[in-house]
Amino acid sequence: MLNDKQKEILLKGINPSRIATRQGGGGKSLSYLEAWDVKAHLIRVFGFGNWSANVLRTDLAFEEQNEKGQWNVGYRVLLELEIHTFGCSYTEAAVGSATLSQRGEAHDMAIKTAESDALKRAAINLGDQFGLSLYNNGATAPVVITTLDGTDSDD
Numbered sequence: 000m001l002n003d004k005q006k007e008i009l010l011k012g013i014n015p016s017r018i019a020t021r022q023g024g025g026g027k028s029l030s031y032l033e034a035w036d037v038k039a040h041l042i043r044v045f046g047f048g049n050w051s052a053n054v055l056r057t058d059l060a061f062e063e064q065n066e067k068g069q070w071n072v073g074y075r076v077l078l079e080l081e082i083h084t085f086g087c088s089y090t091e092a093a094v095g096s097a098t099l100s101q102r103g104e105a106h107d108m109a110i111k112t113a114e115s116d117a118l119k120r121a122a123i124n125l126g127d128q129f130g131l132s133l134y135n136n137g138a139t140a141p142v143v144i145t146t147l148d149g150t151d152s153d154d
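In terms of numbering that gives the first Met the number 0, the sequence shown has 139 at position 140, counting the first letter as 1, and numbering is strictly consecutive.
Following this line, the structure appears as structure tokens:
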């Protein structure tokens, strides 16, 4: 069960200092959270031993060597984020890729990228503190301001 402080944190908007940006397709700026930030916030909200990220499946999506001799590698990862304190889990998939000169390093980086992206996708099910509002054109204002299941402070 969530305590009052956890509920308070989960129902407020994300701190803009946690948001990273990059250029996307068409020159549009994309807002996102770094995987290390999501992990740090999972620890802050739920504690060190009260959550886990479990890779359920890893599949090689592609591997090719380009004309420069670099290895272009992609992996699909299926990951389950489990929050032990209230017995819920979220499963998401992501594909990560890397292009590097060393074959093994390309595989390593592609797997890590896919795992990080799958974790971030799973964590958005926990609301705005984990990047849900960013899907609203990069907004920081909360999109989940209350719940009807009795887990918020406005009962």
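We put the beta carbon where it would ideally sit given N, CA and C, even for glycine.
- Taken in chain order, the complete beta strand (DSSP E) segments of 3 residues or longer contained in the region 9–85 are 19–22, 28–31, 50–64, 70–82.
- Here SER100 is not near GLN128, since their CB atoms are 8 Å or more apart.
- Here the alpha carbons of ASN49 and LYS4 stand approximately 16 Å from one another.
- Contact between VAL76 and ALA92 is confirmed by a C-beta separation of about 7 Å, below the 8 Å threshold.
- Per DSSP, the unbroken alpha helix (DSSP H) holding SER115 starts and ends at 102–122.
- Judged by DSSP in its simplified three-state form, LEU147 adopts coil rather than helix or strand.
- DSSP places VAL142 outside any beta strand (DSSP E), giving it a letter other than H or E.
- With contacts defined as CB atoms closer than 8 Å, LEU80 and ALA122 qualify as a contacting pair.
- The region 101–108 makes no contact with the region 20–34: fewer than 3 CB pairs, one atom from each, lie closer than 8 Å.
- Going by DSSP, GLY95 is part of the beta strand (DSSP E) stretching over 87–99.
- Of all alpha-carbon atoms in VAL94, SER16, THR145, ASN124, the one lying nearest the alpha-carbon of THR112 is that of VAL94.
- When the Cα atoms are used, ASP36 and SER115 turn out to be separated by approximately 11 Å.
- The distance from the Cβ of LEU41 to that of GLY126 is about 12 Å, inconsistent with a contact at the 8 Å cut-off.
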